[in-house]
Amino acid sequence: MGGRLRMVLYSPPEVSPAGGQPTYVYQWTRDNVAIPGANQSEYRPGAADMGHSISGSLTVTFDATSTATQPAHNPMKIGAKARSWGFNGDGTADVFARNSYGQLLLYPTDGRGHWYAPQVIGTGWHIYNLLLSPGDFDGDGNVDVMARDGQGRLFLYSGNGAGGWVVAKQVGQGWQGFIDITGAGDFNGDGTNDIIARDSAHNLFLYPGDGRGGWLQPTLIGYGWGNADLLTTVGYFTGSESLSLMYRNQYGGLMISEGPRNGQLQGVLTTGYGWKVMSRLGGLGDFNGDGDPDLYGIDHSGAMVMYYGNASAYQINAMFNGYWKGQATVGSGWNVMNAVF
Numbered sequence: 000m001g002g003r004l005r006m007v008l009y010s011p012p013e014v015s016p017a018g019g020q021p022t023y024v025y026q027w028t029r030d031n032v033a034i035p036g037a038n039q040s041e042y043r044p045g046a047a048d049m050g051h052s053i054s055g056s057l058t059v060t061f062d063a064t065s066t067a068t069q070p071a072h073n074p075m076k077i078g079a080k081a082r083s084w085g086f087n088g089d090g091t092a093d094v095f096a097r098n099s100y101g102q103l104l105l106y107p108t109d110g111r112g113h114w115y116a117p118q119v120i121g122t123g124w125h126i127y128n129l130l131l132s133p134g135d136f137d138g139d140g141n142v143d144v145m146a147r148d149g150q151g152r153l154f155l156y157s158g159n160g161a162g163g164w165v166v167a168k169q170v171g172q173g174w175q176g177f178i179d180i181t182g183a184g185d186f187n188g189d190g191t192n193d194i195i196a197r198d199s200a201h202n203l204f205l206y207p208g209d210g211r212g213g214w215l216q217p218t219l220i221g222y223g224w225g226n227a228d229l230l231t232t233v234g235y236f237t238g239s240e241s242l243s244l245m246y247r248n249q250y251g252g253l254m255i256s257e258g259p260r261n262g263q264l265q266g267v268l269t270t271g272y273g274w275k276v277m278s279r280l281g282g283l284g285d286f287n288g289d290g291d292p293d294l295y296g297i298d299h300s301g302a303m304v305m306y307y308g309n310a311s312a313y314q315i316n317a318m319f320n321g322y323w324k325g326q327a328t329v330g331s332g333w334n335v336m337n338a339v340f
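Using numbering that gives the first Met the number 0, the first residue of the sequence shown is number 0, and each one after it goes up by one.
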């Protein structure tokens with residue numbers, strides 16, 4: 000929940016004999032029932048959609064006798080609110096960062112590729128050695144943060160939806176054995192947000208959330224992940240209903256392993272090489288407001304470079320040539336931060 004769905008035409012409509020300009024009528028549905036007022040090419044799921052299947056149709060009309068309706072190919076079950084919804088509740092992507100003083104800062108965006116002024120949203124965060132945002136993990140509709148301390152305890156900081164906190168509580172122990180922990184979105188398709196963790200033997204585990212701030216039974220979803228030097232982010236990077244785990248391999252390749260929202264991973268795609276120049280990589284959602292999730296990299300000079308995703312074009316072209324729409328440097332001085340997520 001919190002992203003945007005878009006109907007995309009694979010090719011322009013045609014009529015025979017040729018002539019005239021088509022009109023388009025979009026209709027989104029929730030569990031095959033029309034959603035009132037949802038008649039644009041894009042739809043942003045809300046609280047009423049959580050746990051339900053969203054689909055739609057497009058009707059193309061040239062004249063009274065030349066009309067056709069095409070249902071959408073990829074219905075999507077809507078999960079809990081993703082971290083891309085934003086921590087301050089304005090529906091735009093944010094970045095969290097921790098400085099050397101142990102302050103946790105929020106860098107809000109305007110949803111159109113620009114930053115608002117950063118805000119200090121916490122102090123004393125130097126006691127944690129790993130930070131992440133799982134999205135809405137406790138089911139209250141607000142984006143949360145997780146933190147692991149030196150004893151391996153995992154804490155959930157519940158957001159209040161306005162850039163602050165409701166409560167913090169311990170939600171796990173024994174997590175010191177993991178070298179990577181990342182938010183996985185609704186990876187198993189049950190409507191709640193999950194966590195992916197890699198242990199020191201390079202096994203990959205899915206820890207499903209129960210939607211109330213707790214856990215369901217973890218499962219092994221991969222082994223032999225020693226070639227991944229950085230688990231980067233999880234998102235809808237291919238424009239399909241599958242969530243993609245993006246990671247960098249030991250050769251500097253940026254790779255994608257897709258998860259069809261059944262708790263498993265399948266296949267590997269290469270999106271490009273040369274990513275070793277980045278000290279950090281991560282996803283925050285749609286930075287520039289074009290409907291596609293983006294990826295940020297922080298290079299060794301501290302510059303943040305935003306890579307604008309091209310997921311909708313991939314759905315049309317079924318290829319990763321020109322995977323990125325482009326890139327832009329969107330900030331500097333990020334190397335003073337000891338955590339960015």
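Even for Gly, the Cβ is constructed at its ideal location relative to N, Cα and C.
- [ ] Could you tell me the distance, in whole angstroms, from the CA atom of V14 to the CA atom of V339?
- [x] 52 Å
TODO: Pick helix, strand or coil for G213, following the three-state DSSP scheme.
DONE: coil
Open item on the list: Just to confirm before moving on: does the CB-CB distance between K80 and G162 stay below 8 Å?
Closed with: no
TODO: Check whether the Cβ atoms of V142 and D135 lie closer than 8 Å to each other.
DONE: yes
Open item on the list: With DSSP as the reference, identify every bridge partner of Q26, one or two as the case may be.
Closed with: S56
- [ ] Note down, in chain order, each residue of its chain lying with its Cβ closer than 6 Å to the Cβ of P107, except the 5 sequence neighbours on either side.
- [x] N87, D93, Y115
Open item on the list: Given this structure, state the Cα-to-Cα distance separating N202 from S300, to the nearest angstrom.
Closed with: 32 Å
Task: Per DSSP, cross-strand counterpart(s) of S157 - done: V166
Open item on the list: Please classify A196 as buried or exposed, where buried requires at least 16 neighbouring CB atoms within 10 angstroms.
Closed with: buried
- [ ] Locate the beta strand (DSSP E) running through F340, then write down its first and last residues.
- [x] First-last for F340: undefined, no H or E at that position.
Open item on the list: Counting C-beta neighbours from all protein chains within 10 Å, is the total for P70 16 or more, i.e. buried, or is it exposed?
Closed with: exposed
Task: Neighbour-count burial assignment, D185, 16 or more Cβ in a 10 Å radius - done: buried
Open item on the list: Give me the DSSP bridge partner(s) of T232.
Closed with: M245
Task: Cβ-based neighbour list, S56, same chain, cut-off 8 Å, excluding 5 preceding and 5 following - done: Y25, Q26, T28, T68, Q69, P70, A71
Task: D291 classed as buried or exposed, judged by whether at least 16 other C-beta atoms fall within 10 angstroms - done: buried
TODO: Report all residues from its chain with a CB closer than 8 Å to the CB of S341; omit the five preceding and five following residues, and keep chain order.
DONE: Not covered by the structure: residue 341. The range shown for the chain is 0 to 340.
Task: First through last residue of the beta strand (DSSP E) which encompasses M303 - done: 303-308
- [ ] Using alpha carbons as the reference points, say which of D137, A96, H113, T66 lies closest to H363.
- [x] Past the edges of the chain, shown from 0 to 340, lies residue 363, and the structure says nothing about it.
TODO: Would you mind giving the Cβ-Cβ distance between G288 and G110, rounded to the nearest angstrom? I have them listed as a contact below 8 Å.
DONE: 5 Å
TODO: Report all residues from its chain with a CB closer than 7 Å to the CB of N159; omit the five preceding and five following residues, and keep chain order.
DONE: N141, V165
TODO: In the DSSP assignment, find the unbroken beta strand (DSSP E) run with F186 in it and report its ends.
DONE: Segment: none, F186 is in no beta strand (DSSP E) and carries neither H nor E.
Open item on the list: Using the three-state DSSP reduction, which class does D48 fall into: helix, strand or coil?
Closed with: helix
Open item on the list: Taking the straight line between their C-alpha atoms, what separation do you get for M145 and G36?
Closed with: 37 Å
TODO: Using only alpha-carbon positions, find the residue among D285, T64, G121 that is nearest to P21.
DONE: T64
TODO: In angstroms with no decimal places, state the Cα-to-Cα distance between G151 and A183.
DONE: 20 Å
Open item on the list: Tell me which residue opens and which closes the beta strand (DSSP E) that R152 is part of.
Closed with: First-last for R152: undefined, no H or E at that position.
Task: Alpha-carbon spacing of G101 relative to Y127, whole angstroms - done: 9 Å
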